[in-house]
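Undergrad: Would you mind keeping the following structure in view while I ask a few things?
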Amino acid sequence: MSGEVPLWEVFIRPRNGLSHKHVGSIHAADEVMALQAARDVYTRRGEGNSIWVVPSAAITASDPDQAGENFEPTAEKIYRHPTFYDIPDEVGHM
Amino acid sequence: MALFDAVLELADDHLVLGHRLSEWCGHAPMLEEDLAMPNMALDLIGTARTLYDYAATLEGQGRTEDDMAYLRGEREYRNLLLCERPNEDFAQTMLRQLYFAAFMHPYWQAAAGGGDEVIRGVAGKAVKEMAYHIRHAGEWVIRLGDGTEESARRMKDAVEALHLYTGELFEEGAAEGVDALPSRAAIKPAWEATIDHIFGQALLSRPVVQYPQTGGRRGLHGESLGHLLAEMQSVYRAHPGATW
Chain A
0 MSGEVPLWEV
10 FIRPRNGLSH
20 KHVGSIHAAD
30 EVMALQAARD
40 VYTRRGEGNS
50 IWVVPSAAIT
60 ASDPDQAGEN
70 FEPTAEKIYR
80 HPTFYDIPDE
90 VGHM
Chain B
0 MALFDAVLEL
10 ADDHLVLGHR
20 LSEWCGHAPM
30 LEEDLAMPNM
40 ALDLIGTART
50 LYDYAATLEG
60 QGRTEDDMAY
70 LRGEREYRNL
80 LLCERPNEDF
90 AQTMLRQLYF
100 AAFMHPYWQA
110 AAGGGDEVIR
120 GVAGKAVKEM
130 AYHIRHAGEW
140 VIRLGDGTEE
150 SARRMKDAVE
160 ALHLYTGELF
170 EEGAAEGVDA
180 LPSRAAIKPA
190 WEATIDHIFG
200 QALLSRPVVQ
210 YPQTGGRRGL
220 HGESLGHLLA
230 EMQSVYRAHP
240 GATW
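Sequences listed follow chains A and B, in order.
Residue numbers for the first sequence, in numbering that gives the first Met the number 0: 0 to 93.
Residue numbers for the second sequence, in numbering that gives the first Met the number 0: 0 to 243.
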């Protein structure tokens, strides 16, 4: 049956204020059934309070063959990491 | 002991239907439903546990929820015949779930305003669970009823096979005159409205039943309940008093 049923990507928001995170995929005939399946498969242990489902076919992915040109140039730009500042203790968590 | 009997009837409905749904575990047509049906089964069994526990307290004879579930024979079970009907195919299982949840949702809504604290507590939780069961089963009934030639035929067969058991939902049984619980007969308009709303989209219609089936409340069951209980109770009866 699964062979005929479209695939959906599932995103769950664990709590208010956080962003939706990809948790996996499910099969469902349409968006209503996809939400139900996502609820039943991925929120059994109180994982979240909001679900998004997106047709897997709607996702455009980067090409693994281009991983070098996409991601390697950032490796040497260590100054983009905010680790060169001394933060006074009084500031607390930022 | 009208309240005790009425609570036991409700508990039996939930345990038997919950067990039926759990029989799909590992056998569902797709992984998503293999999780969805046991999810719903656990909702029902959770409600049954609270109700058995309450029944045992009301009785005051020292019995436990396990004694209620595992040490009564089929003639002592008071569940609706609808709840014990075999799973057959997925269409019948979803329709059975819709028929039951479409009744229990308005029933628990009414019970949530009743005069018994335990029942109010059960009702508050169960209302949300039943709303989901209606949605889940209802969406499947719509898609199968208005689906392929074969799914439509199976859905029509399911209505044919199960509708004759729905009249029993509205029999008052032991709860007649018990303040803590709503009138079952009064739930009928809400149940019919839910079913008609879903059947309208599923290209199904409510049949006229010539020979309604009833008797579960008096312990008169179909053959299949004995098999269900034999399997469900075998471990407990082989190891009396065993605990997790």
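Glycine residues also receive a C-beta, built at the ideal position from the N, C-alpha and C atoms.
CB-CB under 7 Å to H250/B, same chain, minus the five flanking residues each way: which ones, in chain order?
TA: Residue coverage of chain B in this structure runs from 0 to 243, which leaves residue 250/B outside it and unanswerable.
Undergrad: Taking only beta-carbon atoms, is E8/A less than 8 Å away from chain B?
TA: One-based indexing of the first sequence puts residue 8/A at position 9. Not an interface residue.
Undergrad: Which bits of chain B does V40/A rub up against, with CB to CB less than 7 Å?
TA: As a first step, residue 40/A must be located in the first sequence, where it is residue number 41. Correct list: E31 and L34.
Undergrad: Among all the DSSP beta bridges, which residues are the ones paired with E8/A?
TA: Within the first sequence, numbered from 1, the residue matching residue 8/A stands at position 9. E8/A is bridged to S24/A and V53/A.
Undergrad: In whole angstroms, what separates the C-alpha of L7/B from that of R43/A?
TA: Position 8 of the second sequence, counted from the start, is the residue given in the question as residue 7/B. Position 44 of the first sequence, counted from the start, is the residue given in the question as residue 43/A. Whole-angstrom Cα-Cα distance: 28 Å.
Undergrad: DSSP three-state call for F99/B: helix, strand or coil?
TA: In the second sequence, the residue the question calls residue 99/B occupies position 100. It is helical.
Undergrad: Just mark N78/B as buried or exposed, buried being the case when its beta carbon has 16 or more other beta carbons within 10 Å.
TA: Working through the second sequence from its first residue, we reach residue 78/B at position 79. Buried: at least 16 other Cβ atoms inside 10 Å.
Undergrad: Hey, out of Y53/B, E159/B, G225/B and G112/B, whose CA is closest to G215/B's CA?
TA: Counted from its first residue, the second sequence places residue 215/B at position 216. Residue G225/B is the option with its Cα nearest to G215/B.
Undergrad: Tell me, please, whether the CB atom of V90/A is closer than 8 Å to any CB atom in chain B?
TA: Counting from one through the first sequence, the residue named residue 90/A turns up at place 91. Not one chain B Cβ lies under 8 Å of V90/A.
Undergrad: Could you run through the segment 41-57 of chain A and flag, in chain order, every residue whose CB is less than 8 Å away from some CB of chain B?
TA: Listed in sequence order: R43.
Undergrad: Using CA coordinates, which residue listed in Y51/B, W107/B, D66/B and V140/B is at the minimum distance from K124/B?
TA: Reading the second sequence from its first residue, position 125 is the one you call residue 124/B. The option with the nearest alpha carbon to K124/B is W107/B.
Undergrad: Going by beta carbon distance, what residues of the same chain come within less than 7 Å of Y41/A, once the five residues before and after it are set aside?
TA: Locating residue 41/A in the first sequence gives position 42, where the first residue counts as 1. The residues are V9, I11, V22 and G23.
Undergrad: In chain A, which residues lie with their C-beta within 7 Å of the C-beta of E138/B?
TA: Indexing the second sequence from 1 puts residue 138/B at position 139. The contacting residues are V31, M32 and Q35.
Undergrad: If contacts are defined as beta-carbon pairs under 8 Å, then L94/B and V140/B qualify, I think. What distance do you get, rounded to the angstrom?
TA: The residue you call residue 94/B lines up with position 95 of the second sequence. The residue you call residue 140/B lines up with position 141 of the second sequence. Correct: roughly 6 Å between the Cβ atoms.
Undergrad: When you check each C-beta in the segment 68-92 of chain B against every C-beta of chain A, which residues fall closer than 7 Å?
TA: Listed by position, the residues of the segment 68-92 of chain B near chain A (Cβ gap below 7 Å) amount to none.
Undergrad: Taking DSSP as the reference, what is the three-state secondary structure of V6/B?
TA: Stepping through the second sequence from its first residue, residue 6/B is reached at position 7. Correct three-state label for V6/B: helix.
Undergrad: Are the beta-carbon atoms belonging to L16/B and C82/B less than 8 Å from one another?
TA: Residue mapping note: residue 16/B aligns to position 17 of the second sequence, counting from 1. Residue mapping note: residue 82/B aligns to position 83 of the second sequence, counting from 1. Cβ distance < 8 Å, so L16/B and C82/B count as in contact.
Undergrad: What would DSSP say about A90/B, mapped onto helix, strand or coil?
TA: To locate residue 90/B, count along the second sequence from 1; it is residue 91. The answer is helix: DSSP assigns A90/B an H, G or I state.
Undergrad: Determine the burial state of N38/B: buried for a count of at least 16 other Cβ atoms within 10 Å of its Cβ, exposed for fewer.
TA: Residue 38/B sits at position 39 when you count from the first residue of the second sequence. So N38/B ends up on the buried side.
Undergrad: Could you please give the first and the last residue of the uninterrupted alpha helix (DSSP H) stretch that includes C82/B?
TA: By 1-based counting over the second sequence, the position of residue 82/B is 83. Here the alpha helix (DSSP H) through C82/B covers L80 to E83.
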